[in-house]
Structure formats: C-alpha cells, structure tokens
Amino acid sequence: MRRARRILLLASAGALALAAAGCAEPVPDPEPLSVTRAAEVYLEAICPVNEAWDAADVELDRLRLAATREGASSTAAFAEAMGVVAERSGDAASTLGSEERSWPEAAEGPVAAVAETLAADREQASRVAELPVEDVVDYQWDGADDIGATAAEARAALDLPADADEACAAWRASREAAEKTEEDAQ
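In mature numbering (1 follows the signal peptide of the UniProt record, and there is no 0), the protein residues as written are -24 to -1, 1 to 162.
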C-alpha cells in the first residue's frame, strides 16, 4: 500500500511538473533588426566604450609623463578609467550578444566577433587596472590589431562609416537631434 501511494505521489508530482512547464510563457522570438536599427543598437553599445577608451588613453598618457618626469606615480585615475572601460565593455558585449534580437545576416558574424573582443577587453581592462606603474607604462594590449579589424568588419556589415570616430560622431549628432525634437514637442 505504501509503495502504491509513493508511486501515485511521484506520478502526480511529475504530472504537475509537466503541466507547469506547459504553462510557462514561451521564450519570445528575437527582435529582427533592420540594418538601420542594427547600426543604431551597435553604436549605442560601442560609442560609450570608445569614449571610455579615450578617457583611459588620456590617463595613460598622464601616467607615462609623470613616470618619466617624477618617477613613480599613482595609478588611481588610470585604474578608475580602466574600470569604466571594463564596465562599458561588459555592457556592450552583453548588448551585442543578447539573444533578444537577431542581427542582419551579413552582420551576425562580425557583431558576434566584436562582442567576444569586448568580453575579452572587459577581463583584460580589469587586470590592467590593478597593475603597478612600471607595468602599466609598458603594457601592450593583447589583441589590439584584431580588435580594430573586427570592429571595422562590423561597421562595414552595418553600412556605417569606416572610421569609428566618424560613426560615433554621427550617432551623437543623431541622438542630440532626436532629443531636441522631443524637447520641442513637449
């Protein structure tokens, strides 16, 4: 009797689990992106990373100057800038690698490759932020050449300008125009 009751309980639990699984909301299909919308999503992810890199490059230049003139210097500002690079690179990698959207066929591979380089950059930036001055000033970024080529391929697949700065400047101008139009409408 106990065995029959146990089997009945297990069967009931299994049936409930299957019923509950059937009631779960289905995973939504990814949003198919047009080339224009894909370019916007790409730039929304990438341009903040580029801005963070510009700030980190300034701090690296300052650190190198200070190290040659005064000897050892604090890496605090550089480390903070690299922390921003790491954070934004991770955010961009998540955005570009999200399964919530589907990229135009020609851009799928290049965008996925950029997402991979961004994830690697996040890890590397986090490590570099903790290096001592003498290691920072001589550091060579792993994969620097590949990163540029990969990003250029993605920009080409999305019909964006070949120059990253030009693409981001156009994106910023477009955002500012949209914000102004929105403000004027209110």
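Every residue gets a Cβ at the ideal spot worked out from N, C-alpha and C, and that includes glycine.
Handout entry: Contact between the segment 93 to 103 and the segment 66 to 81 (3+ Cβ pairs under 8 Å)
Key = Using a Cβ-Cβ distance cut-off of 8 Å, the segment 93 to 103 and the segment 66 to 81 are in contact, since at least three pairs of beta carbons, one from each stretch, lie closer than that value.
Practice task
Compute the distance between the beta-carbons of residue 157 and residue 122, then report whether it is under 9 Å.
Solution key: Between residue 157 and residue 122, the C-beta spacing is not below 9 Å.
Practice task
Just tell me which of 146, 28 and 40 has its CA closest to the CA of residue 56.
Solution key: Cα-wise, what sits closest to residue 56 is 28.
Problem - Pairwise C-alpha distance: residue 145 and residue 41 - result: Distance from the CA atom of residue 41 to the CA atom of residue 145, rounded to whole angstroms, is 29 Å.
Handout entry: Cβ-based burial, residue 44 [other Cβ within 10 Å; buried from 16]
Key = Using a 10 angstroms sphere on the CB of residue 44, the tally of other CB atoms stays under 16, which defines it as exposed.
Practice task
List in chain order: all unbroken beta strand (DSSP E) runs of 3+ residues lying wholly within the segment 113 to 151.
Solution key: With a minimum length of 3 residues, no continuous beta strand (DSSP E) run stays inside the segment 113 to 151.
Exercise for the section: Can you have a look at residue 103 and say buried or exposed, based on whether 16 or more other CB atoms are within 10 angstroms of its CB? Expected result: When all chains shown are included, residue 103 counts as exposed.
Problem - residue 78 - DSSP class collapsed to helix/strand/coil - result: Under the three-state reduction of DSSP output, residue 78 falls in the strand class.
Exercise for the section: Report yes if the C-beta distance between residue 134 and residue 11 is below 9 Å; otherwise report no. Expected result: The answer is yes: Cβ separation under 9 Å.
Exercise for the section: Take the Cβ of residue 18 as the centre, count every other Cβ of all protein chains shown within 10 Å, and call the residue buried at 16 or more, exposed below. Expected result: The residue in question, residue 18, is buried, as its Cβ has 16 or more Cβ neighbours within 10 Å.
Handout entry: For residue 30, the first and last residue of its enclosing alpha helix (DSSP H)
Key = Segment 11 to 46, the alpha helix (DSSP H) holding residue 30.
Exercise for the section: Starting from the Cα of residue 141, find the closest Cα among 85, 25 and 120 and give me that residue. Expected result: Out of 85, 25 and 120, 25 has the C-alpha closest to the C-alpha of residue 141.
Handout entry: DSSP beta-bridge partners of residue 8
Key = Bridge partners of residue 8: 78.
Practice task
Assign residue 148 to one of two classes, buried (16 or more other C-beta atoms within 10 Å of its C-beta) or exposed (fewer than that).
Solution key: Counting Cβ neighbours within 10 Å, residue 148 comes out exposed, since fewer than 16 surround it.
Handout entry: Enclosing alpha helix (DSSP H) for residue 106 [first to last residue]
Key = First-last for residue 106: undefined, no H or E at that position.
Exercise for the section: Enumerate in chain order the residues of its own chain whose CB-to-CB distance from residue 14 is below 7 Å, with the five nearest sequence positions on each side excluded. Expected result: Excluding its 5 nearest sequence neighbours in each direction, residue 14 has C-beta neighbours in its own chain below 7 Å: 79, 80, 83 and 134, listed in chain order.
Exercise for the section: Could you pull the start and end residues of the alpha helix (DSSP H) that residue 50 belongs to? Expected result: Unbroken run through residue 50: none, as it is neither H nor E.
Exercise for the section: Using the Cα positions of residue 9 and residue 108, report the straight-line distance between them to the nearest angstrom. Expected result: The alpha-carbon atoms of residue 9 and residue 108 are separated by roughly 44 Å.
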